[in-house]
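Everything below concerns the one structure shown next.
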RNA sequence: GCGCCCGUGGCUCAAUGGAUAGAGCAGUGGACUUCUAAUCCACCGGUUGUAGGUUCGAUUCCUACCGGGCGUGCCA
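Residue numbers (the numbering used here): 67 to 625.
Now the structure itself:
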């Protein structure tokens, strides 16, 4: 059982007794209200219950605190109790219960901190979903890091997470893309044609055209424009999607599925498409109407600022119609909850998407996580142009230059509500200013000690017999306390979809270790102390590696 | 105009409504004959954008301003 749960139980018993005996004039037994004091000087845990119920009980909080403290039953986890400030009840834990965290960690291994939800929850997490008409850019990289870490953390906290990438392979943009390639192809063959304003001008388009030219020669020069466009569209689409997949896989992402927008327009066995079904579901609920030749979704019924077009006057489906079909399809796949991660520039789109799920009778089923955008800098100066391509720096180029670990850690080290200024030169620095190496270094240092111990013939496998009661130094207990926080941290980070909290935690745990390392010896100590400390640092190694792995960052054993 | 996000030491950021607002970087001064100095220790640095409100208690919640970012298509 977690230390917190044990404490809650004990304080709960005391509260129970105070209420039952009438010492506290309350109708209900209040919650224990335990929290970790920010300042360790105030103990390991504190309860604010006395202040919370002082009004209802018509008693001074400190008096209430006194009653509660006096009612606390005999136990072996609280070493000292103190009433402080306006009515805090501070608890100091016994070294025994703290040191026992080491055993918990070593027993659980990489499952440490795992928890189960009260009810199973299948979550569909959709993120990145970059258009297959160009390479991933830096902004997509933030969503790749955020989505991946969110999925990992949520899984550790007991959610069943399915990661999905929506491929926008349908619609006019694809034709524009195919046409862009076609024009570059003709230009390479010496034709005097200009690239229209709305086309994709990136050099990667020319690269694709050149690739086609090198493989097929002038085979496509004299075919019909339509045939050329369709052929190039498909070739370009496949090349771009592959490029995106390669970049993602290099970055360490593992999507469960790449969902094609086109598939929404393909009829199933009953002859209906996903779009048909979504539209019909709207009609069944009465939220569709025709006006000015277009078909509309009455999203204002759910707080949207205006109704939205599903089918345009010219008969074409809107992008929003596809999105409706896609989300309807997700619900039909029996997910309990849908999470979409979008850039903040799409926030105007949130309301209508929530509205569609509400219209179908799934209010609250869709949760949109909005992430603020990334500014790319180099030595403090905004970077817009890539030297090589003369365009936006692609995400692949960024991880080539900075590395996956540093990129991930920096992308994840701020709340998604916070804009990121990503300075390439800062990110590349392998020194104290770069927190990722600080954390990895702590891990490598531990591995180094364990390696050394092994070389010296110390039987590492007998660590299980270590007497953890010997861990009583402040530096040792600080590590135990930090590791004990891990389980709550995971639950919180998962619930708030906030993996950035793990980057802060990793630095705190690493810091506690570096302090320990400076002040305490391991190998040169007498055998009993040596074993208990080997067990301690082995546990720290496990938690550091686990934290990094949930962030998708490697934990090197040598640096 | 309206909507969303942000505003905390020189810089970058933390802080389930809790105690004296914490870290890192930068700056200054210290610590390697000892398991990795990519480390540690100390000092310096704050009217949490402004003005009100809610309460035992507000960086956190509410209202109004100020400043910055993004958005406000029968585009995708």
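All residues carry an ideal CB built from backbone N, CA and C; glycine is no exception.
Every value quoted in this text rests on a predicted model; they were computed, and no experiment measured them.
Decide if the region 210–218 is in contact with the region 282–302; the criterion is three or more beta carbon pairs, one per stretch, under 8 Å apart.
no
Report the rounded CA-to-CA distance for residue 481 versus residue 617, giving the unit in angstroms.
Going from the Cα of residue 481 to the Cα of residue 617 covers about 14 Å.
Neighbourhood of residue 374 by C-beta distance below 6 Å, restricted to the same chain and skipping five residues each side
363, 365, 386 and 418
Does the region 532–540 come into contact with the region 150–159, if we say contact requires no fewer than three beta-carbon pairs (one atom in each stretch) closer than 8 Å?
no
Just to confirm before moving on: does the CB-CB distance between residue 569 and residue 110 stay below 8 Å?
no
Rounded C-alpha distance that separates residue 256 from residue 240:
25 Å
Apart from the five residues just before and just after residue 331, which ones in its own chain have a Cβ nearer than 7 Å to its Cβ?
236, 339 and 341
Assign residue 127 to one of two classes, buried (16 or more other C-beta atoms within 10 Å of its C-beta) or exposed (fewer than that).
buried
In angstroms, rounded to a whole number, what distance separates the CA positions of residue 369 and residue 421?
8 Å
Proximal residues to residue 179 (C-beta, below 6 Å), its chain only, five neighbours per side dropped:
552, 553 and 556
Quick test of your reading: residue 321 and residue 247, contact by CB under 8 Å. State the CB separation rounded to the nearest angstrom.
Your pair residue 321 and residue 247 does not check out as a contact, with CB atoms roughly 26 Å apart and the cut at 8 Å.
Less than 8 Å between C-beta atoms, sequence neighbours within five positions excluded: which residues of the same chain meet that for residue 392?
232, 325, 327, 330 and 340
Whole-angstrom C-beta distance between residue 101 and residue 114, which should lie under 8 Å
7 Å
Exposed unless 16 or more other CB atoms sit within 10 angstroms - verdict on residue 220:
buried
On the CB-based measure, 16 or more other CB atoms within 10 Å of its CB, does residue 107 come out buried or exposed?
exposed
At the level of alpha carbons, what is the spacing between residue 353 and residue 189?
Rounded to the nearest angstrom, the gap between the Cα atoms of residue 353 and residue 189 is 27 Å.
Going by other Cβ atoms of all chains shown within 10 Å of its Cβ, with 16 needed for buried, is residue 626 buried or exposed?
Here the chain comprises residues numbered 67 to 625, so residue 626 is not present and cannot be evaluated.
Nearest-angstrom Cα distance between residue 506 and residue 622?
6 Å
Consult DSSP for residue 246 and reduce its assignment to one of helix, strand or coil.
helix
For residue 406, I'd like the list of residues in its chain whose CB is within less than 6 Å of its CB, leaving aside the five on either flank, ordered along the chain.
192 and 434
Does residue 141 pass the burial test, meaning 16 or more other C-beta atoms within 10 Å, or should it be called exposed?
Taking all protein chains in view, the Cβ of residue 141 is surrounded by fewer than 16 other Cβ atoms within 10 Å, so the residue is classified as exposed.
Determine the direct distance from the alpha carbon of residue 161 to that of residue 538, and round the result to whole angstroms.
6 Å
Mapping DSSP to helix, strand and coil, what is residue 459?
coil
Minimum length 3: unbroken beta strand (DSSP E) runs contained in the region 271–353:
The region 271–353 contains these whole beta strand (DSSP E) runs: 323–326.
Rounded Cβ spacing between residue 437 and residue 208 (contact assumed at less than 8 Å)
6 Å
Taking the alpha helix (DSSP H) that residue 130 falls in, what are its first and last residues?
127–137
Flag this pair as touching only if the region 301–313 and the region 343–350 have three or more C-beta atom pairs under 8 Å; answer yes or no.
no
Taking the straight line between their C-alpha atoms, what separation do you get for residue 262 and residue 401?
43 Å
Could you give the first and the last residue of the continuous beta strand (DSSP E) run that contains residue 145?
144–150
Reduced DSSP category for residue 593 - H, G, I as helix; E, B as strand; rest coil:
helix
Mind checking who residue 436 pairs with in its DSSP beta bridge?
408
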